[in-house]
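Residue numbers for the sequence shown follow this note's numbering, beginning at 17 and rising by one. Virtual Cβ for every residue (Gly too), placed ideally from N, Cα, C. Nothing here was measured: the structure is a model prediction, and the numbers come from that model. Inspection log for the structure reproduced underneath, given as C-alpha cells.
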Amino acid sequence: MNPTVNADPAELAKFSELAHRWWDPESEFRPLHQINPLRLAWIDALASLAGKSVLDVGCGGGILSDSMARTGALVSGIDLSTKALRVAQLHALEAGTANVNYREISAEALAQEQPASFDVVTCMEMLEHVPDPSSVVRACSALVKPGGWVFFSTINRNPKSFLFAIVGAEYVLQMLPRGTHEYAKMIRPSELAGYCRGAELELVQTRGMEYNPITRRYWLSGDTSVNYLLATRKA
17 MNPTVNADPA ELAKFSELAH RWWDPESEFR PLHQINPLRL AWIDALASLA
67 GKSVLDVGCG GGILSDSMAR TGALVSGIDL STKALRVAQL HALEAGTANV
117 NYREISAEAL AQEQPASFDV VTCMEMLEHV PDPSSVVRAC SALVKPGGWV
167 FFSTINRNPK SFLFAIVGAE YVLQMLPRGT HEYAKMIRPS ELAGYCRGAE
217 LELVQTRGME YNPITRRYWL SGDTSVNYLL ATRKA
C-alpha cells in the first residue's frame, strides 16, 4: 500500500474478511443495520437529502449510502476496501438502487480531484479506524461546498466507552468481533470538534447514541459518553 494513504492495512484486512456479510442483518454488521434508520433520519432532518449530491466517506458495504440514495439523493460512496465495495455494488444492482455509485479512493485523494463538489458529506463509524482522523476531517471539509453539511459519528475515549464499546459489545454481548475497536484510536468529542474547527467546519449539533441490551433498542440522546454524532457546516 502507498505509505501516503491514510489507512491501516490491518483494519482494511479485518473488514475485507467480513465483506460478504455486510448485508446480513444478523451478522457482525447487525449493529450498523439497527442504527442506520436513526443515522439516516438525523442526517435527513438537518440536511434534507432529496436532490442533494452526497458523498459517503468510508462507506463499506453501502448500508448508509444505499439508504441515502433511496431518499432521492445522488450518492457517491468511497472506501479503500475492494471487497466491501464489490458487495456494495452488487447490492445496488440487486436492489435496483440507480442513483448510487461506489469508488475505491481515499477521501484525501478525492478532495484533490473534486474539491467543493458535494452538498453533504458523511463519515460515519470510520474515524476510529484510520491512523490520522484529522486528515480525513480536513478532506471532508475540502470536499463539501460552502454552506454544505458534513456529518461524523465515532466513539468517545474514556473508561465508560472502553467498558461499553469494547468489553461489553465485543466480549460480553458479542455484538461485534473481538478487536473491532482499539481504545487508543477512540476520539473524544472535544478532539473531533477541534479537528472540525481547524478545517473550517462549524459545529451545529452533537448527539449521543445509546443502546439497551435488554430491549436491543438504540436511540439518540444528549449522552455523548460512548457513541456520538456531530453535525457541522462548511463556513
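Assigned secondary structure, residue i (DSSP; H/G/I helix, E/B strand, else coil)
{"i": "M225", "result": "strand"}
{"i": "W165", "result": "strand"}
{"i": "G238", "result": "coil"}
{"i": "S92", "result": "strand"}
{"i": "E218", "result": "strand"}
{"i": "V21", "result": "coil"}
{"i": "S97", "result": "coil"}
Range covered by the beta strand (DSSP E) that runs through residue i
{"i": "S151", "result": "Element bounds for S151: not the beta strand (DSSP E) but the alpha helix (DSSP H), P149 to L159."}
{"i": "A247", "result": "N243 to K250"}
Burial state of residue i (16 or more Cβ within 10 Å)
{"i": "S43", "result": "exposed"}
{"i": "E124", "result": "buried"}
{"i": "L33", "result": "Per the sequence shown, residue 33 should be read as Glu rather than Leu. Exposed."}
{"i": "T98", "result": "exposed"}
For residue i, the residue or residues it bridges with in DSSP
{"i": "A26", "result": "Bridge partners of A26: none, in fact."}
{"i": "R233", "result": "N228"}
{"i": "T170", "result": "Y244"}
Endpoints, the alpha helix (DSSP H) within which residue i is located
{"i": "E207", "result": "P205 to G214"}
(message) What ranges does the alpha helix (DSSP H) occupy inside the segment 112-147, keeping only unbroken runs of at least 4 residues that lie completely in it?
(response) Counting only runs of at least 4 residues, the segment 112-147 fully encloses the following alpha helix (DSSP H) elements, listed from N- to C-terminal order: 123-129.
(message) What ranges does the alpha helix (DSSP H) occupy inside the segment 31-89, keeping only unbroken runs of at least 4 residues that lie completely in it?
(response) Whole alpha helix (DSSP H) segments, 4+ residues: 46-63 and 79-85.
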